[in-house]
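Inspection log for the structure reproduced underneath, given as structure tokens.
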Amino acid sequence: MEILGNKTAIKLLKVLVENPLKEFKEIELINKAKTGKGSASIILKTLINQNILAEKRVGKTKLISINTHKKNSFLLKNILNNEKMYKIEKIKSAAIFLFKNKIKKSTRLIIAFGSCIAGTATKKSDIDLLIVTNNLNKIEKERKEIEELFGEHLNLHHYTENEIKTKINKDMFIKNAFFNGVIIHGYDLGEDLFSNLKEKKDIERLFFLHGRIKSSLRNYIEKDNKTAKEILEKTIEQLIFYLLSENKIQYESKKNSRELIKELPENVILQKINKSQLKEKINLTEELIIKIIKDTILSGEGYA
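Okay, so the sequence shown: first residue is 1450 according to my numbering, each after it adds one.
Next up, the structure:
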């Protein structure tokens, strides 16, 4: 893949692999990559001809994205993302790789993500790992040994293979880990998931969240406050992930997402929700989701 020897190509591809479902206007992509227009246009044409990138025209506008259905695109994503592993503190990277070697026979996929990969980790930061396994007991046993040996905390987010395949196009937290993390084991499953990624329509995702709020309300009416609260908290969490993703704000963890959401105007109502009683929380969250749905519809019709 000799294209990787070209600095302009690397800059363009880095932007695209960090946003694998986004369609960029050509000039938008070139500006974001900070490359010269002439050389970038030639490289983009080459990458499109090689099917590494996909091209779509809407009127006179050319939209460019990573071709997620091609194996080469997945390999490029990993080659470019693997650079991040070299920037991790040595004791943390040693813990990650020893843990990987001890559990790889019991796992289908291991992704390192979060502050370690983003380059913002401190000595006290956890090591975030997404793991696909059907043998959680083995994973937990090895985890304890690694934590005792290195004095590092492994923050594991574990799923079965069926769960990850079902949730990859629905759960924004999983998508974020997959997009911004580094696959350190399980390239076959990673490639399969990558090729099946779809851009879920925003409006559908919002309607799903609205349905979850209705479910929370039903449980509240039936006096099952515990379930109502659990559903509400999970829905608000997914709504925060949605808002950050829509505004192209990358987050490292669930805790980090709560800090970053403060940058957005929706945080005002989210703070109000946080201070309210359960019934009012449900009502305010529903109002916020409905407002976002309305704004999304109007934006799609050109009334933004």
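From the three backbone atoms N, C-alpha and C, an ideal C-beta is built for every residue, glycine too.
Spatial distance of LYS1724 from GLY1630 (CA atoms):
Separation of LYS1724 and GLY1630 (C-alpha to C-alpha, rounded to the nearest whole angstrom) is 34 Å.
Does the distance from the C-beta atom of LYS1460 to that of THR1484 stay below 9 Å?
yes
Along the chain, where does the alpha helix (DSSP H) containing ILE1623 start, and where does it finish?
Run containing ILE1623: 1621 to 1629, per the alpha helix (DSSP H) assignment.
With three or more beta-carbon pairs closer than 8 Å as the criterion, would you say the region 1492 to 1511 touches the region 1655 to 1668?
no
Going by CA-CA distance only, name the one from LEU1579, ILE1633, PHE1599 and PHE1627 that's closest to HIS1608.
Looking at the sequence provided, one finds Tyr at residue 1608 rather than His. The residue with the shortest Cα to Cα distance from TYR1608 is LEU1579.
Residue range of the unbroken alpha helix (DSSP H) whose run includes LYS1721
1716 to 1724
Tell me the start and end of each unbroken beta strand (DSSP E) in the region 1638 to 1701 that is at least 3 residues and wholly inside, in chain order.
none
Cut-off 6 Å between Cβ atoms - residues of its own chain near LYS1649, not counting five sequence neighbours on either side:
Because the pLDDT of LYS1649 is 49, which lies under 50, any placement of that residue in the model is unreliable, and the number read from its coordinates should be weighed accordingly. Around LYS1649: ASN1618.
The alpha helix (DSSP H) with THR1510 in it runs from where to where?
Looking at the DSSP string, THR1510 is not in any alpha helix (DSSP H); the run it does join, the beta strand (DSSP E), is 1510 to 1515.
Is THR1495 helix, strand or coil when you go by DSSP?
helix
Less than 8 Å between the CB atoms is what I'm expecting for GLU1601 and ALA1561, so what's the real figure, rounded?
With 8 Å as the limit, GLU1601 and ALA1561 do not qualify as a contact, their Cβ atoms being about 12 Å apart.
Buried or exposed: GLU1656, going by 16 or more other Cβ atoms within 10 Å of its Cβ?
The identity of residue 1656 in the sequence shown is Phe, whereas the question assumes Glu. So PHE1656 ends up on the exposed side.
CB-CB under 6 Å to ILE1718, same chain, minus the five flanking residues each way: which ones, in chain order?
LEU1737, listed in sequence order.
6 Å Cβ shell around ALA1753 - same chain, five flanking residues per side excluded:
Its pLDDT being 49, under 50, ALA1753 is placed unreliably in this model, and the value from its coordinates should be taken loosely. Its chain contains no residue whose beta carbon lies nearer than 6 Å to that of ALA1753 once the 5 sequence neighbours on both sides are disregarded.
Spatial neighbours of LYS1533 within its chain, please: CB distance less than 6 Å, with the 5 preceding and 5 following residues excluded, ordered by chain position.
ILE1566 and VAL1631
Pull up the distance between the alpha-carbon of ALA1458 and that of GLU1467, whole angstroms please.
14 Å
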